[in-house]
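Participant:
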Amino acid sequence: MDVFRNNSAIHLKLALEERLFLIRVLTSIRGNYQIRPSDMEPKGARAWYDTKGCPIPGEREREDWIEQLHQSRSDHLGRIENWLASLSRSTSRKESLALTLTFEEAPAFLQVINDHRLLMVHRHELGERELASDFNKVIQTLEPQRQLALCDVNLLAHIMEYILQALPGSGADWMDVETSS
Amino acid sequence: MANETTTVPDKDTETRIEEAFEKSWNVIVWNDPVNLMTYVVFVFMKVLGFAKEKATRHMLEVHRQGKSCVARETRETAEFYHQQLQSHGLTVTLESSD
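Quick mapping for you: the protein sequence lines, in order, are chains P and A. According to my numbering, the stretch in the first sequence is residues 915 to 1095, in order. According to my numbering, the stretch in the second sequence is residues 14 to 111, in order.
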């Protein structure tokens, strides 16, 4: 994958496999955003709709809180459709395709793919051991479903890093701040 | 003027008004193994309006000490920040500093 930008947008130049990967992820997240929080399996719901951290007085307020979290995710559905349409444009196997993200929509793209990472981690119970250890070693110890989940989490992390580096004002050069202070 | 009546708010109402405007709610962001350090800086800048230096300082505090208090606000504003940060995938709690 190559990432470059012009005055108003970031362009992700994707090989066929990278395109198919993003289509799979975005299709999955589109489906999960459409599930009502109350219908979501508990592990997934914990990733996105946890209310533990907020001292909410009653059941009604709790439901409102969760509904607002769900709404903020549903708001991305239109954009996800557009990204999927762009990624599904037919090109030959050899031809790469550029997914264009305007500076305005790039933060939403980051939020969406990060949501998939969170969901994978919670659903497949990936913890510090799986996420912080040597990928090549740890992947061999996991069963296939968890292997796939860990691959998604790591691949999307790389894509996020690329986008953050290209996004003006994202603070992605924070290490410069750290080393100069 | 002498005949004018004034309504004195009862003690409970006064307390509730004071609480509503008192910046006594801490918004705490907790470390987690999933979110990228770069992404956390980005979210702090976007949601809380922090400059890069301040966002970086808080992100490193989360990373090294396990948590950082990113805002001390009225309950309403604190809840708004909480929800925004949570919808970006960060682990957040609200604590009353009273």
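By construction, the Cβ of each residue, glycine as well, lies at the ideal position given by its N, Cα and C atoms. A quick note: this is a predicted structure, and the numbers were derived from the prediction, not measured.
#1: If you check the beta carbons only, do residue 1032 of chain P and residue 83 of chain A fall under 9 Å apart?
#2: Tell me which residue opens and which closes the beta strand (DSSP E) that residue 41 of chain A is part of.
#3: Does residue 81 of chain A pass the burial test, meaning 16 or more other C-beta atoms within 10 Å, or should it be called exposed?
#4: Within 10 angstroms of its Cβ, does residue 104 of chain A collect 16 or more other Cβ (buried), or is it exposed?
#5: Return no unless some Cβ of chain P is closer than 9 Å to the Cβ of residue 87 of chain A.
#6: So residue 1019 of chain P packs on residue 51 of chain A, CB below 8 Å; how close in whole Å?
#7: Taking the alpha helix (DSSP H) that residue 81 of chain A belongs to, which residues open and close that run?
#8: Contact criterion: CB-CB distance below 9 Å. Does residue 39 of chain A meet it with respect to chain P?
#9: Of the residues P:1055, P:1004, P:1059 and P:1050, which one's Cα is nearest the Cα of residue 1036 of chain P?
#10: Return the chain-ordered list of same chain residues with a C-beta closer than 6 Å to the C-beta of residue 956 of chain P, the five sequence neighbours on each side being excluded.
#11: Compare the C-alpha of residue 992 of chain P against each of P:961, P:983 and P:944 and name the closest.
#12: Hey, how far is the Cα of residue 969 of chain P from the Cα of residue 960 of chain P?
#13: Which residues does DSSP list as the beta-bridge partners of residue 927 of chain P?
#14: Which of the residues in the region 976–995 of chain P, read from start to end, lie with their CB under 8 Å from any CB of chain A?
#15: Touch check for the region 63–79 of chain A and the region 39–46 of chain A: three-plus C-beta pairs under 8 Å?
#16: Between residue 74 of chain A and chain P, is there a C-beta pair that is closer than 9 Å?
#17: Hey, could you find the ends of the alpha helix (DSSP H) residue 51 of chain A is sitting in?
#18: Looking only at DSSP bridge pairs, what is residue 106 of chain A linked to?
#19: Determine, for residue 968 of chain P, whether the minimum Cβ-Cβ distance to residues of chain A falls below 9 Å.
#20: So, residue 1024 of chain P versus residue 1045 of chain P, is the Cβ gap smaller than 9 Å?
Facilitator: For this structure:
#1: no
#2: 38–43
#3: buried
#4: buried
#5: no
#6: Going by Cβ atoms, the distance from residue 1019 of chain P to residue 51 of chain A rounds to 19 Å, so no, they are not a contact pair.
#7: Counting along the chain, residue 81 of chain A falls outside any alpha helix (DSSP H), though it belongs to the beta strand (DSSP E) covering 80–86.
#8: no
#9: P:1059
#10: none
#11: P:944
#12: 16 Å
#13: P:916 and P:1012
#14: 979, 982, 983, 986 and 987
#15: yes
#16: no
#17: 50–61
#18: A:41
#19: yes
#20: no
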